[in-house]
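Chemist:
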Amino acid sequence: MVAAVPQRVGILGGAFDPPHTAHVALAQAAISQLALDALIVVPTGHAWHKPRHLSAAEHRLAMTALAFAALPQVRIDACETQRSGPSYTVDTLLALRRAAPLAQWFLIIGADQAVALTSWKRWPEIVQSAIICVADRPHATGVQVPFAAELAQPQRFLHLQLPARDVDATSIRRAVAAGHDVTPLVGASVARYIADHHLYLND
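Okay, so the sequence shown: first residue is 971 according to my numbering, each after it adds one.
(1) Which two residues bound the contiguous beta strand (DSSP E) that contains V1044?
(2) If I measure Cβ to Cβ from G1080 and keep anything under 6 angstroms in the same chain, skipping five residues before and after, which residues do I get?
(3) Roughly how many angstroms separate the alpha carbons of A997 and T1088, rounded to a whole number?
(4) Beta-carbon separation of P988 and I1096 under 8 angstroms?
(5) With distances taken Cα to Cα, identify the nearest neighbour of R1143 among I1001, L1171 and A1040.
(6) Counting pairs of beta carbons, one from the stretch 1048-1058 and one from the stretch 1070-1077, are three or more of them closer than 8 angstroms?
(7) For A1065, does the count of other Cβ atoms within 10 angstroms reach 16, so buried, or fall short, so exposed?
(8) What separation, rounded to the nearest whole angstrom, lies between the Cα atoms of A1110 and S1054?
(9) Less than 8 angstroms between the CB atoms is what I'm expecting for V1011 and T1034, so what's the real figure, rounded?
(10) Is the separation between the beta-carbon of I981 and that of L1077 shorter than 8 angstroms?
(11) At the level of alpha carbons, what is the spacing between L1155 and A1145?
(12) Pick out the complete beta strand (DSSP E) segments inside the stretch 1039-1074, 3 residues or longer, and give them in chain order.
(13) Is the beta carbon of V1044 less than 8 angstroms from the beta carbon of D1007?
Here is the structure:
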């Protein structure tokens, strides 16, 4: 009997306040380039490192479900929003691994997060528990400079190539507050949700 191949599962976390087209492009790139069987998208619970309070979890979960609805491999997981106290990646990753111990896990993070990875809570456990997949954005030189954690354990890191997309949640919230149409930045369903629930009007 041929042994079953462990499922390839990605994890993509974030505030998703709101989710936007760059998040979806990252998910598509991860699914394609990593040949993922599933991608678990985890909206942040208590973001202790964020300078602003996040929108209510119910809104961020609903918008995230709408944003990724066209990707059948994606599953939205509310575990962090249901957990009390600060949200730490290591806790989420280990909890997901316990539920599927035979899976091969891939943690998808941005280049800015990768640089700061050695400051994360119990970061060596994170690196041992999942392959760290860094989303590289196009830049002028085309040369990638390794960061501290990658230099220490290069075999635990991969790089994803992304198309250039100048989209960020802060700018989107400001655009909503200014009365601009953000449909091209977040998609029609998320834009409609934002309008229906009067989100970001005071940002």
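All C-beta atoms, glycine included, are put in the ideal place defined by N, C-alpha and C.
Owing to the predicted nature of the structure, the values given are computational and were not obtained by experimental measurement.
Modeler: Looking at the atomic coordinates:
(1) On the sequence shown, residue 1044 is found 74 positions in, with the first residue counted as 1. Run containing V1044: V1044 to I1046, per the beta strand (DSSP E) assignment.
(2) For this step, residue 1080 is matched to residue 110 along the sequence shown. The beta carbon of G1080 sits closer than 6 angstroms to those of A1105, all from its chain and outside the five residues before and after it, given in chain order.
(3) Walking along the sequence shown from the start, residue 997 turns up at place 27. Walking along the sequence shown from the start, residue 1088 turns up at place 118. Rounded to whole angstroms, A997 to T1088 spans 24 angstroms at the Cα level.
(4) On the sequence shown, position 18 is the one that residue 988 refers to. On the sequence shown, position 126 is the one that residue 1096 refers to. Going by C-beta atoms, P988 is not nearer than 8 angstroms to I1096.
(5) For the purposes of this step, residue 1143 is identified with residue 173 of the sequence shown, where counting begins at 1. Of all alpha-carbon atoms in I1001, L1171 and A1040, the one lying nearest the alpha-carbon of R1143 is that of L1171.
(6) Verdict: no, contact absent.
(7) One-based indexing of the sequence shown puts residue 1065 at position 95. With fewer than 16 other Cβ atoms within 10 Å, it is exposed.
(8) Residue mapping note: residue 1110 aligns to position 140 of the sequence shown, counting from 1. Residue mapping note: residue 1054 aligns to position 84 of the sequence shown, counting from 1. Annotation note: pLDDT 38 at A1110 (below 50); position unreliable, no value reported.
(9) Taking the first residue of the sequence shown as position 1, residue 1011 is located at position 41. Taking the first residue of the sequence shown as position 1, residue 1034 is located at position 64. A Cβ-Cβ distance of about 6 angstroms is found for the pair V1011 and T1034, placing them in contact under the 8 angstroms criterion.
(10) For this step, residue 981 is matched to residue 11 along the sequence shown. For this step, residue 1077 is matched to residue 107 along the sequence shown. In this structure, L1077 lies closer than 8 angstroms to I981 by Cβ.
(11) Position 185 of the sequence shown, counted from the start, is the residue given in the question as residue 1155. Position 175 of the sequence shown, counted from the start, is the residue given in the question as residue 1145. Distance between the alpha carbons of L1155 and A1145 is about 10 angstroms.
(12) 1044-1046, all fully within the stretch 1039-1074.
(13) Position 74 of the sequence shown, counted from the start, is the residue given in the question as residue 1044. Position 37 of the sequence shown, counted from the start, is the residue given in the question as residue 1007. No. Outside cutoff.
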